[in-house]
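Novice: First, the structure itself, so that you have it in front of you.
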Amino acid sequence: MATAMQAPSELTAAIVNPLLAATKEVFETMLGCTPTRDGFSPKNATIAQHQLSAAIGLTGEATGTFVLSLPESTAIAFYNRLLGLRATRLDAEVRDAVGEVANMIIGRAKVELTTLKLSISSPNLVSGVGHQVHYPVGVQPFCLVFRSEIGDFTLEVGFADGLNKTLATSTRNIISSRK
Amino acid sequence: MNILVVDDSKTMRTILGRGIDKCVDGATIIEAGDGVEALKLFEANEIHAVLSNWNMPYMDGLALLKAVRERDEEIPFVMVSTEAERHRIITAIQAGVSDYLTKPFTPQALDTKLKRWVATS
Numbered sequence: 043m044a045t046a047m048q049a050p051s052e053l054t055a056a057i058v059n060p061l062l063a064a065t066k067e068v069f070e071t072m073l074g075c076t077p078t079r080d081g082f083s084p085k086n087a088t089i090a091q092h093q094l095s096a097a098i099g100l101t102g103e104a105t106g107t108f109v110l111s112l113p114e115s116t117a118i119a120f121y122n123r124l125l126g127l128r129a130t131r132l133d134a135e136v137r138d139a140v141g142e143v144a145n146m147i148i149g150r151a152k153v154e155l156t157t158l159k160l161s162i163s164s165p166n167l168v169s170g171v172g173h174q175v176h177y178p179v180g181v182q183p184f185c186l187v188f189r190s191e192i193g194d195f196t197l198e199v200g201f202a203d204g205l206n207k208t209l210a211t212s213t214r215n216i217i218s219s220r221k
Numbered sequence: 194m195n196i197l198v199v200d201d202s203k204t205m206r207t208i209l210g211r212g213i214d215k216c217v218d219g220a221t222i223i224e225a226g227d228g229v230e231a232l233k234l235f236e237a238n239e240i241h242a243v244l245s246n247w248n249m250p251y252m253d254g255l256a257l258l259k260a261v262r263e264r265d266e267e268i269p270f271v272m273v274s275t276e277a278e279r280h281r282i283i284t285a286i287q288a289g290v291s292d293y294l295t296k297p298f299t300p301q302a303l304d305t306k307l308k309r310w311v312a313t314s
C-alpha cells in the first residue's frame, strides 16, 4: 500500500541544522578541513549515495535515521588524514574510522537537541555499491552534499514528526543556511 | 607506566595511544574494546591511569568507572566521550571521574589532559 510522503517538517529542520554545525566542527577539529555544502535535495530512492554509509538511528521525540555516506576515495582519505596512515582500500579499519567520526557528529549535535530527549544508536556501517538505507515509513529523507579537500560526501537524514511542536526553525532555514 | 585505553573504536584507541606516546616517556598502552575486557585487564595488570569511552558494548564507561573506583579511589580516570550533555558529565563526576574530554577534541586538548593526569601518575 502506498504511503504519502510527509513534507519537510519543522522537526527535520531543527535536527538538520545542529547536524550541519556538528559536521563542520568535527571535520575542522579532527580532520583539519572545513567542508562546504554544495547541494540539498529530497532523496527519492533507498539506494545510498556512495559506497560506504555510517547509519545512526535516533529514537525519542523524533524517530529517524542519520547517514554519513562517502565514496571509497573519500573514506580512504578520511582515514589517512585522521590517523596519518596510508590505507589503500576500504577495509575494516577505514570503516571504523568513518563510524567513529559519524558518532562524533551525532554526539555533538545531540547537545543542541536536548529538548528532543533523543536516544542514539551506535553507527551501523554498510558498504558496497548500491546498498540501501531505509527510513521510517512515510518520511521524506533529504540528501545534503558536501565538498572538502579530502573529498566529497553526503549527509542523508529522514525523521518522523514527533510531538514537540514548539520548535521554531522552519524548513526554509535548512535551505537558507547553505554556505 | 601502564595506561589502560578503553574504546570500542580501534580508530580512537589509536589516536589516544599516539597522544600518550608523544606525551609520556616509556608508557605501555594496554587496549580494551569494552568495559568487561578493561576490568579484566585492570585486575590483571598494575594500571596507572585509565582513559575510557562512555558508550560501549557489554559494560559502558560509567559502569567501568564505578567498578574501578571500588578497587582504587585514587587512580586517574579520564572519560573520553561524545556525551557532552551537562547532566551526563555531572553523573560521571559524581561517580568519581578525574576529568572529562569530549569528542571531537584537538590534539592540544588531549595533550593537556594527558599532561595533567597521565604524565604525572
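Taken in sequence, the protein lines are chains A and B.
So the number in the numbering used here is just where the residue sits in the first sequence, counting from 1, plus 42.
So the number in the numbering used here is just where the residue sits in the second sequence, counting from 1, plus 193.
Glycine included, C-beta positions come from ideal geometry on N, C-alpha and C.
1. According to the neighbour-count rule (16 or more other Cβ atoms, all chains shown, within 10 Å of its Cβ), is B:PRO246 buried or exposed?
2. Between which residues of its own chain and A:GLY102 is the CB-CB distance below 7 Å, once the five residues before and five after are set aside?
3. Going along chain A in order, which residues have a C-beta closer than 9 Å to the C-beta of B:GLU278?
4. Mark B:ASP214 as exposed unless 16 or more other C-beta atoms lie within 10 angstroms of its C-beta, in which case mark it buried.
5. Using the Cα positions of A:GLN93 and A:GLY170, report the straight-line distance between them to the nearest angstrom.
6. Counting only Cβ pairs nearer than 9 Å, list the residues of chain A close to B:SER202.
7. Which chain B residues sit within Cβ distance under 8 Å of A:THR71?
8. Tell me, which residues are paired with A:ASN145 by DSSP?
9. Mind checking who A:GLY106 pairs with in its DSSP beta bridge?
10. Using 7 Å as the limit for Cβ to Cβ distance, is A:LEU125 near chain B?
11. A:SER95 and A:VAL199 look like a contact to me (Cβ under 8 Å); what is the Cβ gap, rounded to whole Å?
12. Can you tell me whether A:GLY180 is buried or exposed? The criterion is at least 16 other CB atoms within 10 Å of its CB, across all chains shown.
13. Considering only their Cβ atoms, is the gap separating A:PHE188 from A:PRO77 smaller than 7 Å?
14. Could you check the C-alpha separation between A:ALA144 and B:LYS233 for me, to the nearest Å?
15. Cutting at 6 Å between CB atoms, please list the residues of its own chain near B:LYS296, excluding the five before and the five after it.
16. May I ask you to report which of helix, strand or coil DSSP gives A:PRO84?
17. In terms of residue numbering, what span does the beta strand (DSSP E) encompassing B:SER245 cover?
18. Please classify A:ARG128 as buried or exposed, where buried requires at least 16 other C-beta atoms within 10 Å of its C-beta.
19. Tell me which residues share the same chain as A:PHE195 and place their Cβ nearer than 6 Å to its Cβ, disregarding the 5 neighbours each side in the sequence.
20. Are the C-beta atoms of B:THR275 and some chain A residue less than 7 Å apart?
21. On the DSSP bridge list, what partners appear for A:LEU185?
22. Residues in its own chain within less than 8 Å of B:GLY210 by CB, not counting five upstream and five downstream?
23. Relative to the alpha-carbon of A:LEU62, which residue among A:LEU124, A:ILE89, A:VAL109 and A:LYS85 has its alpha-carbon at the smallest distance?
24. Please tell me whether A:VAL168 has its Cβ less than 7 Å away from any Cβ of chain B.
Specialist: Quick look at the numbers:
1. The question names Pro, but residue 246 of chain B is Asn in the sequence shown. Result: buried.
2. LEU158, LYS159, LEU160 and SER161
3. LYS152, VAL153 and THR156
4. exposed
5. 5 Å
6. ASP138, ALA139, GLY141, GLU142 and ASN145
7. PRO297, PHE298 and THR299
8. Note: A:ASN145 sits in no beta bridge, so no partner.
9. A:LEU100 and A:PHE201
10. yes
11. About 12 Å; that fails the 8 Å criterion.
12. exposed
13. yes
14. 29 Å
15. THR275
16. strand
17. 242 to 245
18. exposed
19. LEU112, THR116 and PHE188
20. yes
21. Note that residue 185 of chain A corresponds to Cys in the displayed sequence, not to Leu. A:SER83 and A:GLU198, per the DSSP bridge assignment.
22. VAL198, ILE222 and GLU224
23. A:VAL109
24. no
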